[in-house]
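Engineer:
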Amino acid sequence: MADTTQKPDAISAYYQTRAAHHGVITSDWLAQAQAAVEQPDSSVSGLGPAKSFNVIDEFNGWRKQPDLAEAVAAIRAMAAVIRASEATTMMELEIELKKASDTLKSWDKTSISLTAGCDLFIRYVTRTSALEYEDFNSAKSRLLERAEKFGEISCKARKIIAMLSQDFIFDGCTILVHGLSRVVLEVLKTAAQNNKLFRVLCTEGRPDGTGVLLSNELSKLDIPVKLLLDSAVAYSMDEVDMVFVGADGVVESGGIINMMGTYQIALVAHSMNKPVYVAAESYKFARLYPLDQKDMAPALRPIEFGVKIPAKVEVERSARDYTPPQYLTLLFTDLGVLSPSVVSDELIQLYL
Amino acid sequence: MDPRRGPLAVPKVRRVGFFTSIEPSPETPRPNRSLSGPAEAITSSSPLSDSPSGQFISPVQIPPSRHHSDNLASRAAPVPVPGPSAFRRQLANDRALHVGSYNPVDSLLGTSPPSSNGEVSEDSGSLFGFQRSDSAKLSASFPNGGFDMTLRVRAPQESEAKVAIASTSDGRKKNVEASGEGESLAAKPRKEKETKSLKEKTSKAERRAIQEAQRAAKAAAKGEGSKRAGESSRPKPSKPAKQPQPKKEAPQVTSSVSEKRAVSVEKERRMDVPQTQMQYDDKSRVDKAKRRSVVEQTESKNKVELFLHLPQYERGNQLPNLSSNIFSLDTIHHAVYKVGLQHLAGDIAGDNARCIAMLHAFQEAINDYTTPPMKDLTMDLTAKINGYVSFLIECRPLSMSMGNAIRFLKNQIRKLPVDLSEPEAKASLCSEIGRFIDEKILLADKVIVQYAVTKIRDGEVLLTYGFSCVVEMILLYAHEIGRKFRVVIVDSRPNLEGQKLLRRLVTRGLDCTYTHINAVSYIMGEVTRVFLGASSIFSNGTLYSKVGTACVAMVANAFSVPVIVCCEAYKFHERVLLDSICSNELGDPDAIANVPLRNNKKHSKTMDNNKNLQFLNLMYDSTPAEYISMIVTDYGMIPPTSIPVIVREYRREDLLL
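Going down the list, the sequences are from chains S and U. The first sequence lines up with residues 1 to 352 when you count with the UniProt record's numbering. The second sequence lines up with residues 1 to 657 when you count with the UniProt record's numbering.
1. Taking the alpha-carbon positions, what's the residue 569 of chain U to residue 343 of chain U distance?
2. Would the C-beta of residue 556 of chain U count as close to the ligand HEM, meaning under 7 Å from any of its heavy atoms?
3. Flag this pair as yes or no: are the beta carbons of residue 354 of chain S and residue 251 of chain S separated by less than 8 Å?
4. For residue 318 of chain S, which beta-bridge partners are listed by DSSP?
5. Which two residues bound the contiguous alpha helix (DSSP H) that contains residue 592 of chain U?
6. Mind checking who residue 78 of chain S pairs with in its DSSP beta bridge?
7. Can you list the alpha helix (DSSP H) stretches of 4 or more residues lying completely in the stretch 251 to 276 of chain S, in chain order?
8. For the beta strand (DSSP E) containing residue 546 of chain U, list its first residue and its last residue.
9. Who pairs with residue 497 of chain U in a beta bridge, going by DSSP?
10. Taking CB distances under 8 Å as the criterion, tell me whether residue 239 of chain S reaches chain U.
11. Using a C-beta to C-beta distance shorter than 7 Å, which residues of chain A count as neighbours of residue 455 of chain U?
12. What span of residues does the alpha helix (DSSP H) with residue 391 of chain U cover, start to end?
13. Examine chain U for any beta-carbon lying closer than 8 Å to the beta-carbon of residue 254 of chain S, and answer yes or no.
14. CB-CB under 7 Å to residue 624 of chain U, same chain, minus the five flanking residues each way: which ones, in chain order?
15. Using a Cβ cut-off of 8 Å, pull out every chain S residue sitting near residue 658 of chain U, in sequence order please.
16. Just how far apart, CA to CA, sit residue 333 of chain U and residue 340 of chain U?
17. Strictly by DSSP, which residues pair up with residue 623 of chain U?
18. Under 8 Å between beta-carbons, which chain S residues line up against residue 630 of chain U? List them in chain order, please.
19. Could you check where the beta strand (DSSP E) with residue 464 of chain U kicks off and where it finishes?
20. Put residue 468 of chain U into one of helix, strand or coil per three-state DSSP.
21. Does the beta carbon of residue 637 of chain U come closer than 8 Å to any beta carbon on chain S?
22. Is the Cβ of residue 230 of chain S closer than 8 Å to any Cβ of chain U?
23. In angstroms with no decimal places, state the Cα-to-Cα distance between residue 353 of chain U and residue 501 of chain U.
24. Kindly indicate if chain U contains any beta-carbon less than 8 Å away from that of residue 341 of chain S.
25. What residues in its chain sit with their C-beta under 8 Å from that of residue 171 of chain S, if we drop five residues either side in the sequence?
26. Starting from residue 648 of chain U, trace the alpha helix (DSSP H) both ways and give me its first and last residue.
27. Just to make sure I have the definition right: I need the residues of chain S whose C-beta is within less than 7 Å of the C-beta of residue 492 of chain U. Which are they?
28. Short of 8 Å Cβ to Cβ, which residues in the stretch 557 to 575 of chain U face chain S?
29. Going by beta-carbon coordinates alone, are residue 466 of chain U and residue 338 of chain U separated by less than 8 Å?
30. Would you list the one or two residues that DSSP bridges to residue 502 of chain U?
31. Residues of chain S with CB closer than 8 Å to the CB of residue 642 of chain U, please, in chain order.
32. At the level of alpha carbons, what is the spacing between residue 540 of chain U and residue 572 of chain U?
33. For the putative contact between residue 454 of chain U and residue 531 of chain U, defined by C-beta atoms under 8 Å, what is the C-beta separation to the nearest angstrom?
34. Does DSSP put residue 178 of chain S in a helix, in a strand, or in coil?
35. So, is residue 303 of chain U buried or exposed, given that buried needs 16 or more other C-beta atoms within 10 angstroms?
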């Protein structure tokens, strides 16, 4: 289910989750969502009956909250693993963590933030030299402390990003938004709360329909919204002051992987000298380095056209694309406002 | 250049070396130079008339300065030796691409083969003086010194020359003597005479003129002060007066004093930063360098204006002389001598090969080393290593990687605990060198191959330029694990290194296309990835590699083809390079002039006499960071902007004490 090699029509579970959050229901999706929910449980039960604690259950529990990012859910689940662990040595605990992380990662192989979040969690938690305690329990509690802290940071990341980006939104500006990123939504919410006057153009975001959802949210905040067709981006780019997108993952080159259409918009914005700002939490930094669009693991999704399509016609079903760093202006992260080349700096410091 | 320098002088032949006719060659070939008016100055009038003192330089072996060992001339080719490390020392036997001489056409001439066979291993020393090394040091001394410094510099230098002749125990003096022996005993007294005559004959006015020139050179070279300051960091000027050994460091000492901003840490650090290159257009530095050189080189007559700061010598005539000096030199260890001669002959090509050969030679030398009585192992060994390094520089300018390796070695020597006995110290050093080679080169290559292979998918068309051993390893490994791809090899004159790669790949069954660089824009349309090797990568992401690489990278960029550079982390450098002119290596101009299969033998000598025609054979060029998509190192795949991060995080111990 989680990766396309198992089923030709498999949908990335990540996008299923997002679809669930977005409330877009299609018949295909429903059926497959059902299968998705069942399968991880069955595979996970192989962890052993002795294990009363199931990381996937925990993960799913966290994940169902629409406000929680997937990686944060994973991080919380991993923290719960530590809490419930019956290991008596540090080595055992680390092995347990590794196993839990692998399970989570295999649940959805195409989700970059999930993989990155798990890896980062393990690095963050285990790299401290404070692990050299004679007393295992105190080491474990220390580990738990760090895990909780990491979870807290990740939760608060959105607030930090929203705060950092306030300086970039000035009165009277027009912001183009693509995709429904909760971080970007937070940014706009905070700006509205600070009584800034701006308006938002959002792309329709087919097939997710993110445009409609976003415009719903924004109109609740009394922000003037205008919906655009995806193809009308270049047409409207003149009146746009800046582009705001979220990211599914930030790669080592400084580029981002995001919903399909981001690359296009970035290209148009770049050619018209409009800044492109990316709002991404730091746990989305991944050690990938795509050289071109096809260099990533594919993540497919079903696309409804509303009418029947002849059998022989192929449909490009990839759900995401890669935007190279030269088209991005700045990254707003909880580590600060960064330029794309800093991503590699952070990754090297953390991973090596 | 500096207006005080006066009109440009003719680039004249400075035949400091083995020549039969005892014609006096000018001591100062370029008394006054500016870059303004080349044309009228190139009157090949008698070179003598311009030299202020009118004396000639006898073909005398001049002891190399210790600190030129720190030269960091970024010279190496990104054409390292392929395959297992054993090959790297056997390259002398690889005649496939007539690498036995500078000029591919002349590979069959008598010069290289005899010398590059076993004999050269015994040779030592008496090679051309790479004034570069010396003047590099000197140039370091000048930028910051005041007027007095020049005087001070001269004094210790002369005294050290005298001391050098006089005493017998010191390694450096041994150099003088040994090289003197190689020449003839007449050389020594001649040198003495020359030294004395230098002092006597230089009148006040001439001294002032020399000082003016030096000051001008200092002012001109101030911009590069930091890199040349590297050598000049020994703090105490009083030192040279005292002991013979530190005396060699005198010029740097004095210069370092004048370096106001030198902090002690910085000084130590700069002491270890190998010198990049001497400014060849400063005659005074060149002279001083020449006086110190072990190996004599004949300067080219006809040099391109823009590259006057790089040395260019006539090639192809030293090796027979060198082989005659097999028995003479005991200051240079035979292994180091062998490596030096291999460099000279062009038998070793490729960064990794050169570095490994040099390190193996150092290992042998350290093994055979015994501390002279009453000497400190650390200092003496460092001095000896410096001597070896300056000898190697005389043969061929150091590459960045070699410079980094030397810096590492010196750090290791410096960090030896004082209570270690000599055999233990030697064993520890040798094992450290072995570890460096294993970890930073051999293992790094394996890691790079693992990473890079993930970027090769089925159906790709990969382009590579020239011959890089890492790229070869990647291609062979990808083929082994069953990826289906084809390779385009782009090659260029005069070295035609790509043919070597082509031969190796074809014998292993890869699908190859071969073309010259003229067709790179034609072939780039069908290419999906470009893999390049590197000689060094600088902190601003600039790639320094064999000439032609920049062209390939830029064409790839124009076709939106990703450019992947494969480079071990030990080749990174914290310097910044902006263009290919400041720092480069000039190859043999004959190689350009002589096109094989064309009957132009009669032209080969006319080029020397034709003032309107200069041949420029650059060996390296620099590719800006924006044309590079990704760099694969042993630390992973990083963007070119992250080079300073790697240097900062992982080379901290190399940068500081």
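From the three backbone atoms N, C-alpha and C, an ideal C-beta is built for every residue, glycine too.
Structural biologist: Based on what the coordinates show:
1. 23 Å
2. The ligand HEM is absent from the structure shown, which contains no ligand whatsoever.
3. Outside the shown range of chain S, which is 1 to 352, sits residue 354 of chain S, and nothing can be said about it.
4. S:300
5. 589 to 593
6. Answer is none; residue 78 of chain S lacks a bridge partner.
7. 262 to 271
8. 543 to 546
9. None, per the DSSP bridge assignment.
10. no
11. Considering every chain present, this structure includes no chain A. Its protein chains are S and U.
12. 377 to 395
13. yes
14. 542
15. With chain U covering only 1 through 657, there is no way to say anything about residue 658 of chain U.
16. 11 Å
17. U:543
18. 253, 289 and 291
19. 460 to 465
20. coil
21. yes
22. no
23. 15 Å
24. yes
25. 196, 197 and 198
26. 643 to 650
27. In chain order: nothing, as chain S lies at least about 26 Å away.
28. 562 and 564
29. no
30. Answer by DSSP bridge pairing: none, since residue 502 of chain U is not bridged.
31. 341, 344, 345 and 348
32. 11 Å
33. Not really, about 13 Å apart at Cβ, beyond 8 Å.
34. strand
35. buried
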